[in-house]
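In the working numbering, the protein residues as written are -18 to 72.
Beta carbons are placed, not taken as given, at the ideal position from N, Cα and C, and that holds for glycine.
All figures in this text were calculated on a predicted structure; none of them were measured in a lab.
Structure first, commentary second.
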């Protein structure tokens, strides 16, 4: 693997399961991730409005380990992280 230097961190040898729910194994500062999702979902700067509507057409998964529990759109999913909250989440 690649080692980190004095100003960085080696992430190459980490087990990908530590990032499990992200599926794409995203590594970014929280502020950058928030900016990306704001630009995607609010600012309409990442994809066309037609594509965004398809991404936001959430439906329960009908196969796999989360069948019936995770709402999935095209590339986005809604997953409740609190055991005490309603499901699906109410926005």
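Alpha carbon of residue i to alpha carbon of residue j, nearest angstrom
i          : j          : result
residue 20 : residue 52 : 21 angstroms
residue 45 : residue 36 : 20 angstroms
residue 33 : residue 14 : 17 angstroms
residue 60 : residue 26 : 24 angstroms
residue 64 : residue 47 : 15 angstroms
residue 38 : residue 17 : 19 angstroms
residue 10 : residue 62 : 20 angstroms
residue 8  : residue 22 : 20 angstroms
Under 8 angstroms between C-beta atoms of residue i and residue j
i          : j          : result
residue 42 : residue 49 : yes
Proximity to residue i [Cα-Cα], best of the options
i          : options           : result
residue 40 : 47, 30, 23 and 54 : 54
Residues that residue i bridges to, as DSSP identifies them
i          : result
residue 59 : 52
residue 40 : 53
heavy atom of the ligand MG below 7 angstroms from residue i C-beta
i          : result
residue 56 : The ligand MG is not part of the structure shown, which contains no ligands of any sort.
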